[in-house]
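Student: This structure is in structure tokens; I'll ask about it shortly.
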Amino acid sequence: MTGRPNSLAARDVASLIHPYTNLDKHKTDGPLVIARGEGVYVYDETGKRYLEGMAGLWSTSLGFSEPRLVEAARRQMEQLPTYHIFNSRSTEPSIEAAEELLKIVPKGLGKVLFANSGSEANDQAAKIVWFYNNALGRPRKKRIIGRVRGYHGITVFSGSMTGLAANHVEWDLPVGGILRTDCPSHYLYGRPGESEAQFVDRLVANLEDMIIREGPDTIGAFIAEPVNGAGGVIVPPADYFPRIQQVLRKYDVLMIADEVICGFGRTGEMFGCDTFGIEPDIMTVAKALSSAYLPISATIISDTIAETITAHAGKVGNFAHGFTYAGHPVAAAVALETLRIYKERDIVSQVKALAPHLQSRLRALGSHPLVGEARGVGLIGALQLVADKATRRPLPPAEGIGALIQQGAMARGVIVRAGPDAVFVCPPLIITAEQIDEMMDAVAAALDEAHAVAEQRGLLGRAQSAAG
Ligand SMILES: Cc1ncc(COP(=O)(O)O)c(C=O)c1O
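Next up, the structure:
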């Protein structure tokens, strides 16, 4: 599969370790080498075209050929290709990008700390919680509550806040200082006969019980994605976040909103916080901040936190934290141009206009025999795969039915992501209604194909209860 000895594929296998890849299988399967992009499409080295139904890694909001972003990078490269913002130095793009961000973030947020990735932004958020509580003389109020199925990245602490077994088993994570609470999927975790309202009551009570049991003076923050991404595109019940936030306020626990996927229009408002009624104390953004053209992320903190840590840094003599490339002028210039494009093209209205079409195409597949639940909001969605709709029994992961769906879509020129129990779509925000049809037609055909295979292998129906 990896072709001639000097092919890119063979050289890849000889030289690279790939993130999130079965490395052993990769030795024989080789890579898909993407050579160029245009709009919502990418082309592999043979010239085959794919509609990028995942916007890369939930990130390339403006597609793969936005000339203004290229020009912004080129201009900045010529003027000042690199500098830092340590030790009171600054650059115009980092100042302007911070100002533009602060114009659109939820109220109460007042200062920006740049970083380079979602993981770093979340790590930085945790460190700010620690520094802040040290400033307030609360040295014990440091633990962070993450959620089952949360994804916050893979660095040592972000990976610990992440609530997915694959990121922990074999990696000696989580480290200490983390508590874990429920995932708000009524479909996956609701009890038999439990209404959605009762489900939310239970989750809110569980959170409050945990805080009381563990001691509010030991808990600094709660971190959540408005819509979980990698953990399953979980869309929470409408009153989930407002109710959770009441509990957090009662015990003086900060709310960290991880907007790394949801930020910048994805859910049909500028931020997932706006869609779901979250009033964050700290918000992290990455990915679509620069349409993923260059690595840049940010941790945006409330005025209160900013004032407190500023005074504390004054007292200890230094704010001894920061990444070499934080606020890198070229990445910041591209982020600034991206934010300007969102504003000029009214990206939020564009998403609002197209979301009903994507969501209705997804919901239509809810009746497919392999689909237990079709869910989503804005321009993100998922199909939960089941062996049996009535009992919600999952498919045996080892059968690779999700992977089959992914391959079936790719054979039709569409990239979506499929795990063992769900298929995800998260296209560039510039997608058109026709392109949504192109994407969803391929997904529907791939589902039918995978269903035939599952049926042939005898995987479907109630019979195989052992697998559930
Ligand atoms: C919600 C969320 N937070 C954090 C991250 C980590 O970002 P990065 O891969 O840039 O470190 C991701 C990555 O997919 C994410 O989806």
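First residue of the sequence shown: 768, per the working numbering; consecutive thereafter. For every residue, glycine included, the Cβ atom is placed at its ideal position computed from N, Cα and C.
(1) What does the alpha-carbon distance come out to for the pair Gln1223 and Leu946?
(2) Using alpha carbons as the reference points, say which of Gly1145, Pro1096, Gly1180, Val1190 lies closest to Pro860.
(3) Would you mind giving the Cβ-Cβ distance between Ser832 and Gly804, rounded to the nearest angstrom? I have them listed as a contact below 8 Å.
(4) Starting from Ala888, follow the alpha helix (DSSP H) in both directions and report where the run begins and ends.
(5) Once DSSP output is grouped into helix, strand and coil, what is the label at Phe1043?
(6) Can you list, in chain order, the residues of its chain with a C-beta nearer than 7 Å to that of Ile1172? Leave out the 5 residues immediately preceding and following it.
(7) Can you say whether Thr1209 is buried or exposed, counting buried as having 16 or more other CB atoms within 10 angstroms of its CB?
(8) Are the CB atoms of Val967 and Gly1032 nearer to each other than 8 Å?
(9) Does the structure place the stretch 1060 to 1074 close enough to the stretch 868 to 886 that three or more beta carbon pairs sit under 8 Å?
(10) How far does the beta strand (DSSP E) with Phe881 in it reach, from first residue to last?
(11) Can you list, in chain order, the residues of its chain with a C-beta nearer than 6 Å to that of Asn995? Leave out the 5 residues immediately preceding and following it.
(12) Can Leu1214 be considered in contact with ligand 1, in the sense that its beta carbon sits closer than 7 Å to one or more heavy atoms?
(13) For a test of the three-state rule: what should DSSP assign to Ser925, helix, strand or coil?
(14) Give the range of the alpha helix (DSSP H) segment to which Phe1008 is assigned.
(15) Provide the residue span of the beta strand (DSSP E) that contains Ile1172, from first to last.
(16) Do Tyr1060 and ligand 1 come close, with the Cβ less than 7 Å from some heavy atom?
(17) Relative to ligand 1, is the shortest distance from any of its heavy atoms to the C-beta of Ile1028 smaller than 7 Å?
(18) So for Leu829, helix, strand or coil by DSSP?
(19) Please classify Tyr817 as buried or exposed, where buried requires at least 16 other C-beta atoms within 10 Å of its C-beta.
(20) Verify the contact flag: Trp897, CB atom, against every heavy atom of ligand 1, threshold strictly below 7 Å.
(21) Verify whether the separation of the beta carbon atoms of Leu1129 and Gly1139 is less than 8 Å.
(22) Using the Cα positions of Ala902 and Ile895, report the straight-line distance between them to the nearest angstrom.
(23) Should Val1115 and Ser1057 be called a contact, given that it needs their Cβ atoms to be closer than 8 Å?
(24) Do you know whose CA, among Leu1152, Thr1034, Asp949, lies nearest Pro1187's CA?
(25) Kindly provide the ranges of any alpha helix (DSSP H) runs that are 4 or more residues long and lie completely inside the stretch 1090 to 1164, ordered along the chain.
(26) State buried or exposed for Phe853, treating a residue as buried only when at least 16 other CB atoms are found within 10 Å of its CB.
(27) Heavy atom of ligand 1 less than 7 Å from the Cβ of Glu992, yes or no?
(28) For Leu931, tell me which candidate among Glu819, Ser886, Gly999, Ala1073 has the shortest Cα-Cα distance.
(29) Using a Cβ-Cβ cut-off of 6 Å (strictly less than) and excluding sequence neighbours within five positions of Asp1048, which residues of its own chain qualify?
(30) Got a sec: does ligand 1 put a non-hydrogen atom nearer than 7 Å to the Cβ of Ala892?
(31) Let me check one thing: in DSSP terms, what residues is Pro1074 bridge-paired to?
Tutor: Concretely, from the data shown:
(1) 43 Å
(2) Pro1096
(3) 6 Å
(4) 885 to 902
(5) helix
(6) Ala1185, Val1190, Ala1213, Leu1214, Ala1217
(7) What sits at residue 1209 in the sequence shown is Ala, not Thr. Buried, by the Cβ-count rule.
(8) no
(9) yes
(10) 876 to 882
(11) Arg916, Ile1001
(12) no
(13) helix
(14) 1007 to 1017
(15) Element bounds for Ile1172: not the beta strand (DSSP E) but the alpha helix (DSSP H), 1168 to 1178.
(16) no
(17) yes
(18) coil
(19) buried
(20) no
(21) no
(22) 10 Å
(23) no
(24) Leu1152
(25) 1096 to 1111, 1114 to 1131
(26) exposed
(27) yes
(28) Gly999
(29) Leu1021, Met1022, Ser1069
(30) no
(31) The question names Pro, but residue 1074 is Glu in the sequence shown. Answer is none; Glu1074 lacks a bridge partner.
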